[in-house]
Structure formats: C-alpha cells, structure tokens
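Worksheet: one structure, shown below.
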Amino acid sequence: MFAKGPAIPQLRAQNLFSPLDLQLAGYLSSRCPEHQLSVAISTALVSRQTGLGHICLDLKDQAGKPINDKLEETLLCPDLQEWLADLAAASVIGPGSSTTPLVLDSSRLYLRRYYEYEQELISELKSRSLELEDPHDPRTVQTALARYFEPETSEPDWQRVAAFASLTGRFCIISGGPGTGKTTTVAKILAVLLELAGSDPIKVRPAAPTGKAAARLTESLRSAVTRLKLPDHVAEGMDMEATTIHRLLGVVSGSPYFRADQDTPLDADLVIVDEVSMVDLPLMAKLIRAVPPHARIILLGDKDQLASVEAGSVMADICGSGDLTRFSSSFVAGYAASGGYRELPVQKDLPEMADRVVQLQKTYRFSADSSIRRLSDRVRLGDARGALDVLSTPGPDLTWVEPEPGKGLGAVLARVAGEELARCLNGSDPMAMHDSFGKIRILTAVRKGDRGVEELNRVVEELLRRKKVLRPQGRWYPGRPVMIARNDYTLNVYNGDVGITVRDE
C-alpha cells in the first residue's frame, strides 16, 4: 500500500525518479489533495516510463509490487482494482474524451499528448489501409509486375507480395532483416507506379530518420535502378535524393512543430520512409498527419531492430508478434488475379492493417549456411548459448579472435583490421578515402570502459600513429571521420550526416 505522509519526499527516497518526474508528480498531485499520494506515484511512474521510451504505464504490471525492489524500505503499489478506483476519482486523470493531463485507458495510464499521438496514428493508418476503390486494371498491374518479378512456382515471392500490397492500398509497411531486399523491392514498386502513371508525373518524397540513413537510402535506390536496367523514362523518374524526416517536414525553430501538417500538407504522391524502427511515436504521427490523403505511404524497416530513442516503438507495434504471412481472403484472391502465387495463407478476422504489412522472408546477402546469418538469428532470438556456439565454430565469413595473453586490444585490432584502417587515411582522393572508410566498422555495446567507444577510438588512433599513417595536427588529421551532431542549414549539413576530413590547398 502507499504510505501516509508527504508524497514527493517518499518518491525522492526511492532513488528512481528524475527531477522532471518529481516536478510533474508534485504539480499534479497538489491538484488532488484527497488522492495526493496515489496521483503522485502514478504520475512519477508514467513520466519515468516515457523517459525510458514507453508511451504508457500499464498498471497491471506494477500493481502490488514495490516501486524499487532494490531498496529495503520502499513504497508498495496497491492492488489493481483499488489503484484504478483511486485514479478514476482524481480530477487530473480522465478518459481519452476528457481534457485532463493524464489519460486512463483500461489499465494503461498515459501522458495526454502520447495518448493523442497514438489514437491519431491508429486512426490515420486504419483509414489509409483500406483497399483502394479505384485500383489499376488487374491486367495492367499483372503486366507491370511480371516485368520486374520472376514467376512464382512452389513458394510466394514476398517482395512481389509487398509490391501488390503497396499498389492496392495507400499504406504499406515492409519489414525485413538485413539483405532481404527492402530497397530493391521499393525500387521495383516505384518502377511499376511510374509505368502505370504513364505521362502523369509522380511526386515522390523519400526520407529517413537520420542524414546517414537518408544517404544510404539514396545510394540503395540508385544502385537498384542500375541493376534493374529500367527504360529511360522510368529511370529518369527515379532519379531522386532522400532527405531526413525533419528536413522533409520543415523544422520550425524553437518549437515541436513542423511547417508541413494537415493544413499545409506535403506536395507528394508517394512518401517512402526507411529505417522506420528508429522513428518515435510523436514524429511518426506528425509525418502521417502531413501526408495528403491521396498519397501513398511506404514504410521500410526491420521490426526486430532496436526501438527508437524517444518514446514509442511504432514499427514493432504495427507489426506485432504474430504471423505476418497470412492475409484476408480478398487480398489473396486479388493477388492471385494479378498473376501471383495462388496459395497464400488465409486467416479470418485479421486486423484492418494485416493486408498492408508484409514481412520479407528470404535473405539475399547471406547463404543459408552463412555463419553471420546463423549468428544474427541466434542474437535476434535471444539465444546466448547458441550465439557463442556459432562464434566458436570457424566459418568463411566469420572469425573469432582470442586476445593473446599479455597483449591488449590494440594487438587484436592490428591483427584483424590494421591494413584496412590504414587505407582509410592513405590517398589524396576524398571520395576514395570515404569509400575505404565505409568498408570497415568496429562495433561496441558501450561508450565508457576498456571496451567502449572512447577507448576503442583512442586505441585505433594509437595503432595508426605506430603505422606512421596518422599525423595529427591537434585534434584533426586527414581521414578523420566526422558525424554532424546538429542541423546547420547554412552549411547544408544535418544531424547524422557522416563525412571525412581532408586537407585543402
């Protein structure tokens, strides 16, 4: 049970809440003196949840449990029914139809704006997921799809299924792991749409959460266009450059708003967003709000990737944890009529968006016996023992290197990556140096410590000094990579852009 007495000192003693959590809890609980402690603890918990990247607090998960189980003397939350009754009587908490700062929806407690973002996004995606009332002629679609996809025989081509889902609705989300061909699929979708449009121009707006992801999307689309050997008029229509979502929407300096919104929508017929797992709930709601009703939206990403830094895991929530290879009977019939595989799995009573979510199954980057693929599968499934077993088995594309006794991390890096690292700094051609830099990455899970980012960077620089290829002038040297940390519109560089330092005349 909640203890009697002042609320905020008890919460502060839990060593769990930020000053912002406590300030909000104190402010709202002061408006409800008859329910002060329950409102304070509920507000502090939901504020903390939001800071951790969750959009709500499910009281069922916390009911009857200690607030901080690492403390001997801690507050204990009440049973669920008692808690719900107490909050329902508080003036600062209400249902979604009210204007209270906190919203209680069943057992889930929200900060109001996150509840509104969620409801708005759900409503928009449901309406856009409906099958088009005026789709293209099935025979025309069949001809266009046949030009870019091989005939299906014993199993469905999930890239083709994704293309059909995109063509028959104004919203589609395409999920797939590394190497499943997400950008190749969207390039083929673009080609089909351009063919079907004929002489009518299509305004396409490709975007991604960061400058780096936008540059990668641009490069991937251009590479796919080259591989597909498109007709000239189609290839010309696909010559485009992706941008960040913030730049696409137009940041209003000093505010959480964008220039593009429902009243001033984007000038677009198709919006493509890559790396959607990185997009938080508020940004996704504002993006969808700015897309005109007639336009198509195609979201690309991997539902098994890490969630966004800010609150809300939109990609994972849309895809859910269910089977993404089953569709409604009308979708399956339409797909068969377009010349597609005739035995797609059918399931009754699917959610409205199920026909607009396609999971790519086949990995083209790695073979079925690839060690990297087996390792990534073990990691994705949370199988630590299986991952270690894969690492301990030598393979052509994966090697486990044990540090030699008495030698530090620098010796390992010199052994496995020294020559490639040196090539990043040799040469006078900036683009060649940039390409070399793109061929090697050293990944770590932490920032601090003897295996963290800061120490790894120091070790790499020391290694390159010993090889006499790094000659720093203060902090700078030719070949040093740079990541932009904030937008600078005067220089035309944006958060997440990556470049290489070079010496000019």
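Residues are numbered in this note's numbering as their position in the sequence shown, beginning at 1, plus a constant of 80. The beta-carbon is built from N, C-alpha and C at its ideal position, and this holds for glycine as well.
Candidates L108, C504, R566, M395: closest to L205 by CA position:
The shortest C-alpha to C-alpha distance from L205 to any of L108, C504, R566, M395 is the one to M395.
Helix, strand or coil for R376, going by three-state DSSP, please let me know.
Reduced to three states, the DSSP call for R376 is strand.
Between which two residues does the alpha helix (DSSP H) carrying Q199 extend?
Residues 192-209.
Does any residue of chain E have a CB that is nearer than 8 Å to the CB of Q142?
Protein chain content of the structure displayed is limited to a single chain, and chain E is not contained in it.
Please name the residue, chosen from P561, I269, I254, that lies closest to G381 on a Cα-to-Cα basis.
Of all alpha-carbon atoms in P561, I269, I254, the one lying nearest the alpha-carbon of G381 is that of I254.
Neighbour-count burial assignment, S410, 16 or more Cβ in a 10 Å radius
Answer is exposed; the Cβ neighbour count stays below 16.
Start and end of the beta strand (DSSP E) containing P161?
Note that residue 161 corresponds to Gln in the displayed sequence, not to Pro. That residue, Q161, is in no beta strand (DSSP E); its alpha helix (DSSP H) goes 160-168.
If you count every other CB in all the chains shown that lies within 10 Å of the CB of P89, and 16 or more means buried, which is it?
By the 10 Å Cβ count, P89 comes out exposed.
Between the region 352-368 and the region 293-307, do at least 3 Cβ pairs fall closer than 8 Å?
At 8 Å Cβ cutoff, the stretches touch.
Check the C-beta distance from I282 over to G249 and give it rounded, since I have them as a contact under 8 Å.
With a Cβ gap of about 16 Å, I282 and G249 do not count as contacting.
Pairing CB atoms from the region 298-317 with CB atoms from the region 252-268, are three or more of them under 8 Å?
In this structure the region 298-317 touches the region 252-268; the number of beta carbon pairs closer than 8 Å is three or more.
Taking the continuous beta strand (DSSP E) assigned at L22, which residues delimit it?
Not covered by the structure: residue 22. The range shown for the chain is 81 to 585.
Could you check what DSSP says for V562 in three-state terms: helix, strand or coil?
Residue state for V562 is assigned as strand, using DSSP reduced to three classes.
Taking C-beta to C-beta, are Y421 and E232 nearer than 8 Å?
Yes; because the gap between Cβ atoms is below 8 Å, this pair is in contact.
In three-state terms, what does DSSP make of V459?
Of the three classes helix, strand and coil, the one that applies to V459 here is helix, per DSSP.
One question on the structure: do L544 and L550 come within less than 8 Å of each other, judged by their Cβ atoms?
Result yes, Cβ atoms of L544 and L550 sit closer than 8 Å.
Might you give, ordered along the chain, the residues of its own chain that have their beta carbon closer than 8 Å to the beta carbon of A83, omitting 5 neighbours on each side?
Any reading at A83 needs caution, since the residue's pLDDT is 48, under 50, leaving its predicted position unreliable; the model's value is listed next. Q90, L117, L155, listed in sequence order.
Restricting to Cα atoms, I'd like to know which of S98, I378, Q342 is closest to L132.
Comparing Cα-Cα distances from L132 to each of S98, I378, Q342, the minimum goes to S98.
Does the Cβ of L71 have 16 or more other Cβ atoms within 10 Å, making it buried, or fewer, making it exposed?
Given a span of 81 to 585 for the chain in the structure shown, any question on residue 71 remains unanswerable.
Measuring only the C-alpha atoms, how far is S279 from A224?
S279 and A224: Cα-Cα distance of roughly 16 Å.
Is it right to say G576 is buried, meaning 16 or more other beta carbons lie within 10 angstroms of its own, or is it exposed?
Result: buried.
I need the boundaries of the beta strand (DSSP E) containing S300, first residue and last residue.
No beta strand (DSSP E) contains S300, which is instead part of the alpha helix (DSSP H) from 291-308.
In terms of DSSP beta bridges, what is T260 paired with?
Bridge partners of T260: none, in fact.
In angstroms, rounded to a whole number, what distance separates the CA positions of S127 and L182?
Straight-line Cα distance between these residues: approximately 10 Å.
Nonlocal neighbours in the same chain, by C-beta distance under 8 Å from P541, ignoring five residues either side
With the sequence shown as reference, residue 541 is identified as Glu, and Pro is not the correct amino acid for it. For E541, where only same-chain residues beyond five positions count, the Cβ hits under 8 Å are L550, P552.
Kindly confirm or deny that the region 508-525 and the region 458-477 touch, where touching means at least three C-beta pairs closer than 8 Å.
With the cut-off at 8 Å, the region 508-525 and the region 458-477 do not touch.
Can the beta-carbon of A267 be found closer than 8 Å to that of V241?
Remark: C-beta atoms of A267 and V241 do not approach each other more closely than 8 Å.
For my contact list, V539 and P561 are in at a C-beta cut-off of 8 Å; report their separation, rounded to the angstrom.
Taking C-beta atoms under 8 Å as the contact rule, V539 and P561 fail to qualify, at a distance of about 15 Å.
Given Y194, which residues of its chain have a CB within under 8 Å of its CB, disregarding the five upstream and five downstream residues?
Here the set comprises T130, I135, C136, L361, P362, A391, G392.
Within the region 499-584, ranges of the alpha helix (DSSP H) (whole runs, at least 4 residues):
As far as the region 499-584 is concerned, its whole alpha helix (DSSP H) runs of at least 4 residues are 510-517, 533-546.
Which listed residue (S418, S451, D457, L404) has its alpha carbon closest to that of A434
That would be L404, whose Cα lies nearest to the Cα of A434.
Can you give me the start and stop residues for the beta strand (DSSP E) that R465 sits inside?
First-last for R465: 464-471, but that is the alpha helix (DSSP H), not the beta strand (DSSP E).
Across which residues does DSSP place D138 in a beta bridge pair?
DSSP output for D138 lists R188 as bridge partner(s).
Can at least three beta-carbon pairs, one atom from the region 196-203 and one from the region 142-159, be found at a separation below 8 Å?
Contact between the region 196-203 and the region 142-159 is absent, with fewer than three C-beta pairs closer than 8 Å.
Could you work out which residue in K547, T581, N572 is closest to R555 when comparing CA atoms only?
Distance from the Cα of R555 is smallest, within the candidate group K547, T581, N572, for T581.
Secondary structure of Q222, DSSP reduced to three states:
Three-state DSSP puts Q222 in a helix.
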